[in-house]
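Participant: Residue numbers (this note's numbering): 20 to 358. Please find one structure pasted underneath; my questions will follow.
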Ligand code: TXA
Ligand code: MG
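Shown next as structure tokens:
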């Protein structure tokens with residue numbers, strides 16, 4: 020693709036006039052990366068097919084993988100969907116703005132490539148002041164997948180975006196590190212019984228407390244089977260060195276490390292690093308604070324590729340609350356689980 024000059028707008032406090040510059044780029048059909056509370060997104064005008072195509076080109080994203088549309092107000096929803104099921108409105112009231120993407124029946128108004136030909140559209144109102152300011156200033160529905168090259172982990176800093184997309188997009192709004200650190204929960208509300216297609220910042224129990232029992236899509240689909248979420252059929256990011264998740268404690272981890280040849284890196288909590296007595300581990304945070312472990316995961320995965328290592332042994336964390344999304348992403352990045 021043609022080389023673009025990529026502007027970087029660093030924003031410390033709002034209001035900031037640079038938001039207008041970024042919004043103008045969006046209005047002109049350009050691609051702009053911006054922070055959300057989950058990960059950085061790569062945005063473009065969701066009503067402009069060419070602008071949306073530029074997202075697919077910059078990321079190298081398969082054309083059959085639909086994009087999430089970000090909105091700044093629920094008032095605009097009826098412009099894009101045929102109707103809003105009651106359970107979906109309850110979820111919006113409870114969790115928007117926030118890390119929940121709701122799949123609704125599309126009325127076909129948005130650019131066709133946003134939904135990759137599906138009759139549904141994923142919508143979300145992000146809970147980040149910069150994202151909301153950009154949506155409000157541009158007055159656009161903004162299609163935005165995670166702002167990484169396809170096959171890389173989602174970016175949690177503007178540096179990650181710059182590394183992957185410099186020269187391929189018009190600009191990056193740098194708002195510092197994102198919070199949640201993994202992508203939003205995706206729930207399909209077009210089904211009789213809603214189904215979580217991807218676990219994320221809003222947990223199954225959060226959702227069930229508001230609308231009752233929901234289904235969970237299987238995290239792996241069989242060959243030739245069409246998953247409800249097209250993104251699920253693509254290989255998730257895995258670093259160059261294989262990751263093995265070790266379910267046992269520190270002793271088990273030590274044994275495994277001793278049995279293999281080559282350089283081993285530990286991807287663990289501070290507590291596990293202390294138990295192992297190592298000082299060169301990749302430390303994700305305290306085991307008692309799963310949110311901080313989750314928030315640091317993608318940066319750690321990116322660091323692995325900069326390291327001289329043959330194997331990564333990762334700690335297995337609790338699947339409670341946000342741990343469900345954390346372990347979903349870690350398991351997808353891993354090649355093996357050792358009991
Ligand atoms: O937190 C997030 O969701 C971030 C930020 C930027 O908002 N975005 C994000 O987008 O993770 P992306 O494109 O990397 O992941 C979107 C996922 C994909 O797995 C896609 O297949 C699925 O949502 N998806 C989007 N629209 C869909 C639809 N209409 N039906 C089923 N799945 C859909
Ligand atoms: Mg993505």
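No residue lacks a Cβ here, since even glycine has one placed at the ideal position from N, Cα and C.
Give a yes or no on whether the minimum CB-CB distance between residue 92 and chain C is below 8 Å.
Facilitator: The structure shown contains no chain C; it holds only a single protein chain.
Participant: So the alpha helix (DSSP H) residue 303 belongs to, where does it begin and stop?
Facilitator: From DSSP, residue 303 is part of no alpha helix (DSSP H); its letter is neither H nor E.
Participant: Beta-carbon separation of residue 310 and residue 341 under 8 Å?
Facilitator: yes
Participant: Between 283, 67, 284, 202, which has its C-alpha nearest residue 221's C-alpha?
Facilitator: 202
Participant: If the criterion is Cβ atoms closer than 8 Å, does the pair residue 142 and residue 159 meet it?
Facilitator: no
Participant: In the DSSP output, what is residue 64 paired with across the bridge?
Facilitator: 161
Participant: Expressed to the nearest angstrom, what Euclidean distance is found between the alpha-carbon atoms of residue 229 and residue 79?
Facilitator: Looking at the two C-alpha atoms, the distance is approximately 37 Å.
Participant: Cβ of residue 203 within 7 Å of any heavy atom in the ligand MG?
Facilitator: Remark: the C-beta of residue 203 is outside contact range of the ligand MG, defined as less than 7 Å to any heavy atom.
Participant: From residue 95 to residue 116, what distance separates their C-alpha atoms?
Facilitator: 14 Å
Participant: What is the DSSP secondary structure of residue 265, counted as helix, strand or coil?
Facilitator: strand
Participant: Examine the ligand TXA and report whether any of its heavy atoms sits within less than 7 Å of the Cβ of residue 89.
Facilitator: yes
Participant: Cβ of residue 346 within 8 Å of Cβ of residue 355?
Facilitator: no
Participant: Could you tell me the alpha carbon to alpha carbon distance between residue 294 and residue 49, rounded to whole angstroms?
Facilitator: 50 Å
Participant: Could you tell me if the beta carbon of residue 288 falls within a distance shorter than 7 Å of some heavy atom in the ligand MG?
Facilitator: no
Participant: Round the Cβ separation of residue 13 and residue 62 to the nearest angstrom and send it over; I've been treating them as touching at under 8 Å.
Facilitator: There is simply no residue 13 to check, as the chain begins at 20 and stops at 358 in what is shown.
Participant: Does the pairing of the stretch 281-295 with the stretch 146-158 give three or more beta-carbon distances under 8 Å?
Facilitator: no
Participant: List in chain order: all unbroken beta strand (DSSP E) runs of 3+ residues lying wholly within the stretch 203-244.
Facilitator: Correct list: 204-207, 214-217.
Participant: Are there 16 or more other CB atoms within 10 angstroms of the CB of residue 132, so buried, or fewer, so exposed?
Facilitator: By the neighbour-count rule (16 or more Cβ atoms within 10 Å), residue 132 is buried.
Participant: How many angstroms separate the CA atom of residue 57 from the CA atom of residue 70?
Facilitator: If you draw a straight line from the Cα of residue 57 to the Cα of residue 70, it comes to about 23 Å.
Participant: The beta strand (DSSP E) spanning residue 291 covers which residue range?
Facilitator: Where residue 291 is concerned, there is no enclosing beta strand (DSSP E), although the alpha helix (DSSP H) it sits in stretches over 289-295.
Participant: At 4 residues or longer, what runs of the alpha helix (DSSP H) sit wholly inside the stretch 109-176?
Facilitator: 148-157
Participant: Does the distance between the C-beta of residue 122 and the nearest non-hydrogen atom of the ligand TXA fall short of 7 Å?
Facilitator: yes
Participant: Shorter than 7 Å, the distance from the beta carbon of residue 233 to the closest heavy atom of the ligand TXA, or not?
Facilitator: Outside the cutoff, so no.
Participant: At which residues does the beta strand (DSSP E) containing residue 190 begin and terminate?
Facilitator: Taken as a continuous stretch (DSSP letters only), the beta strand (DSSP E) holding residue 190 covers 190-193.
Participant: Tell me which residues share the same chain as residue 97 and place their Cβ nearer than 8 Å to its Cβ, disregarding the 5 neighbours each side in the sequence.
Facilitator: Excluding positions up to five away in sequence, the list reads 103.
Participant: Which term fits residue 41, buried or exposed, when burial requires 16 or more other beta carbons within 10 angstroms of its beta carbon?
Facilitator: Looking at its Cβ environment, which holds 16 or more other Cβ atoms inside 10 Å, residue 41 is buried.
Participant: Buried or exposed: where does residue 74 fall if 16 or more other Cβ atoms within 10 Å of its Cβ makes it buried?
Facilitator: Buried.
Participant: Spatial neighbours of residue 197 within its chain, please: CB distance less than 7 Å, with the 5 preceding and 5 following residues excluded, ordered by chain position.
Facilitator: 54, 55, 56, 57, 58, 59, 175
Participant: Tell me which residues pass a beta-carbon proximity test against the ligand SAM: closer than 6 Å to any heavy atom, given in chain order.
Facilitator: Annotation note on the ligand SAM: not contained in the displayed structure, which lists the ligand TXA and the ligand MG as its ligands.
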